[in-house]
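To start, the structure under review is shown below, and the notes come after it.
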Amino acid sequence: MAKILVKEVLTPQIKLMVVDVPRIARKAKPGQFVVVRFHEQGERIPLTIADFDPDAGTVTIIFQEVGKSTVHLGEMEEGDDILDFVGPLGREIEEKNFGHVVCVGGGVGIAPVYPKARALKMLGNFVTSIIGARTADLIFWEKEMRSVSDVLHVTTDDGTYGEKGFVTQVLENTLKKDTVDLVVAVGPLIMMKMVSLLTKKLGIPTLVSLNPIMVDGTGMCGCCRVTVGEKCKFTCVDGPVFDGHQVDYDELLARQRTYLDEEQRAMEVWRMKKAEEETIRVTK
Ligand code: NAD
Ligand code: FES
């Protein structure tokens, strides 16, 4: 059991929870993830660790409500217990002084890029961060990202805040004028693909954090397999951080859509059940 100590609504669909898990907090490293399950029949949800505090014994998760399980998780409140909270899983990002590192966080990917930027800054890297979302209301953790960056750019697709356009446009401008030694990108798969295409042309090493469908999270089921450098890798044990230039993004994009119909159906059934429960409650 893991108690939710703090819950914050960052944007209408993105929630933050600080969870009391001392043993995980002591071992967590930037780049790792946890698997969360909140009832016996529940789906196992992999979530990248957004922050951790070994002294306080807490791990922070940030998630977007995209389906039944994440909407359900988002309804839990401070003081509630999460049934299973397993981790830290996966391999951590290599921590060293590369020189000038550009950290790119797209949408909800801002959360997992934060501990990486923080660790790289603490090691003496010059950190330029670029965070972006579709619109102003969806930008979060600007202050946190600023605190671990030497330079911070904020973009919105519609120009309602910061620079107008995709994060990749600012990245392209940065790569034109500055020498960059490493790019770290976390966000939607298509964004990580576009970042990797840009940096591959210039020969700049690039790390991306993948989040394919996962089941066990321990290398047993093969569900999270991805092709990296023409080899089959399991994201949960070999990743989630990989060399962005080696990832077969198109295969992964196709696999991510496999269960869309089932996810939609599960969401509809759950919403109907909730509506029925509400009707019974009101008419009692
Ligand atoms: P989104 O679609 O709103 O995009 C966020 C930003 O990414 C955009 O503002 C833009 O700057 C950039 N972007 C989007 N499409 C792009 C393109 N074609 N070219 C260049 N840049 C582009 O993102 P969202 O809805 O917040 O994110 C949801 C996605 O993020 C989900 O698919 C989720 O699975 C993924 N995600 C990934 C991780 C991870 O660890 N890799 C973690 C959490 C979520
Ligand atoms: Fe099962 Fe990775 S989630 S092998």
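The opening position of the sequence shown corresponds to residue 895 in the numbering used here, with each subsequent residue numbered one higher.
No residue lacks a Cβ here, since even glycine has one placed at the ideal position from N, Cα and C.
>> I'd like to know whether the C-beta atoms of V1080 and P982 end up nearer to each other than 7 Å.
In response: Cβ atoms of V1080 and P982: not closer than 7 Å.
> Which first and last residues belong to the alpha helix (DSSP H) in which G968 is found?
Replying inline: K962 to G968
> Which residues in the same chain have their Cβ closer than 6 Å to the Cβ of E902, if we skip the five residues on either side of it in sequence?
Replying inline: Beyond the five residues adjoining it in sequence on each side, E902 comes within less than 6 Å, by CB distance, of L910 in the same chain, given in chain order.
> Since V998 contacts V1061 with CB under 8 Å, what's their CB separation in whole angstroms?
Replying inline: Cβ-Cβ separation between V998 and V1061: approximately 5 Å, consistent with a contact (criterion under 8 Å).
>> Closer than 6 Å to a non-hydrogen atom of ligand 1 - does that hold for the CB of P1082?
In response: yes
> Between V1102 and M1114, is the Cβ-Cβ spacing less than 7 Å?
Replying inline: no
> For ligand 2, any of its heavy atoms closer than 6 Å to the Cβ of D1031?
Replying inline: no
> Which of helix, strand or coil does DSSP assign to V1131?
Replying inline: V1131 falls in the helix class under three-state DSSP.
> Between the beta-carbon of A919 and the beta-carbon of T952, is there less than 7 Å?
Replying inline: In this structure, A919 places its C-beta atom within 7 Å of the C-beta atom of T952.
>> Only counting the same chain, and skipping five residues up and downstream in sequence, which positions put a Cβ closer than 6 Å to that of T1054?
In response: T1029 and A1030
>> With three or more beta-carbon pairs closer than 8 Å as the criterion, would you say the region 1137–1148 touches the region 937–946?
In response: no
>> Using 7 Å as the threshold, is the C-beta distance between E1057 and T1068 below it?
In response: no
>> So for E972, helix, strand or coil by DSSP?
In response: coil
> On the three-pair Cβ rule with 8 Å, is the region 1013–1022 touching the region 1037–1044?
Replying inline: The answer is yes - the region 1037–1044 touches the region 1013–1022, with three or more Cβ pairs under 8 Å.
> How long is the line joining the alpha carbons of L1076 and N1019, rounded to whole angstroms?
Replying inline: 10 Å
>> Less than 6 Å separating the Cβ of D1051 from some heavy atom of ligand 1?
In response: yes
>> Given the structure, does T942 come close to ligand 1, in the sense that its CB is under 6 Å from one of the ligand's heavy atoms?
In response: yes
> If you run the structure through DSSP and keep just helix, strand and coil, what is P982?
Replying inline: Note: P982 maps to strand in three-state DSSP.
>> Comparing C-alpha positions only, which one of I1024, G961, V915 and K1095 sits nearest to I976?
In response: For I976, the nearest C-alpha among the options comes from V915.
>> Please report the straight-line C-alpha distance between L1083 and L1104, rounded to a whole angstrom.
In response: 8 Å
> Roughly how many angstroms lie between the CA atoms of Q1150 and T1112, to the nearest whole one?
Replying inline: 19 Å
>> Spatial neighbours of V1131 within its chain, please: C-beta separation below 6 Å, excluding the five flanking residues on both sides.
In response: G1113
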